[in-house]
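One gets the numbering used here by counting positions in the sequence shown from 1 and adding 1 to each. Cβ coordinates follow ideal geometry from the N, Cα and C atoms, glycine included.
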Amino acid sequence: MKIRSLALLVALALTVACATPAPAVDTAKPVKIGVAGAHSGDLASYGLPTLKAAQLIVKDINERGGLNGRP
Numbered sequence: 002m003k004i005r006s007l008a009l010l011v012a013l014a015l016t017v018a019c020a021t022p023a024p025a026v027d028t029a030k031p032v033k034i035g036v037a038g039a040h041s042g043d044l045a046s047y048g049l050p051t052l053k054a055a056q057l058i059v060k061d062i063n064e065r066g067g068l069n070g071r072p
């Protein structure tokens, strides 16, 4: 009987947890993307092209309306 009560309690808790709405997302705030790499020093010649590529991709995404409406 205890196992059945425990199973029922767990099922109820999972149902309540799944029925809880997700928190709202602030669509006015832009999405921040970080680029890890060598952007200065001896290895900058390897890292700066990745930074430029990321900037081009961000520009393209923003021209298409952003990411889920966020810039």
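Enclosing alpha helix (DSSP H) for Lys60 [first to last residue]: By one-based count along the sequence shown, residue 60 stands at place 59. Element bounds for Lys60: Ala45 to Glu64.
Endpoints, alpha helix (DSSP H) assigned at Val11: Position 10 of the sequence shown holds residue 11. Counting along the chain, the alpha helix (DSSP H) containing Val11 begins and ends at Lys3 to Ala20.
Through-space distance from Thr21 to Ala55, alpha-carbon basis: As a first step, residue 55 must be located in the sequence shown, where it is residue number 54. As a first step, residue 21 must be located in the sequence shown, where it is residue number 20. Straight-line Cα distance between these residues: approximately 36 Å.
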